[in-house]
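In the working numbering, the protein residues as written are 1 to 122. Positions of the beta carbon are idealized from the N, C-alpha and C atoms, including for glycine. A short write-up of the structure that comes next.
Dropping the structure here:
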């Protein structure tokens with residue numbers, strides 16, 4: 001096997017690896033976008049519910065459904081719970097954005113390395 005055949009084989013393998021990495025990365029980015037959308041919806045619902053709870057009188061009892069039962073709680077406790085839900089959703093969305101940025105950066109780095117390999121071909 002000559003040097004150029006060997007180099008062509010290495011280049012072909014690198015292309016295949018890059019293509020697999022691109023497909024996997026795009027799937028992970030799409031999954032991250034779907035999860036982020038779900039978190040946005042969760043945050044929106046929690047914010048709207050919190051807003052409605054703030055309009056109630058503080059001494060009133062409220063009930064929330066858990067499975068097939070209802071839990072009695074105070075308005076203050078429910079407002080706090082929804083505030084925590086909003087914060088968790090924001091944290092998850094920020095983590096998803098960071099992961100997406102990292103994935104895009106690693107993908108572009110792989111593409112750049114492959115271009116360099118092609119350009120340095122003997």
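In the three-state reduction of the DSSP assignment, residue 64 falls in the strand class, which pools E and B. Counting along the chain, residue 114 sits inside the alpha helix (DSSP H) bounded by residues 75 to 119.
By the neighbour-count criterion, in which a residue is buried when 16 or more other Cβ atoms sit within 10 angstroms of its Cβ, residue 22 is exposed. The residue among 90, 110 and 119 with its C-alpha nearest the C-alpha of residue 37 is 90.
Going by beta carbons, residue 85 and residue 46 fall inside the 8 Å limit. Residue 39 and residue 78 have their C-alpha atoms roughly 19 Å apart. Counting only residues of its own chain and dropping the five nearest sequence neighbours on each side, residue 107 has a CB closer than 8 Å to the CB of 21, 22 and 25.
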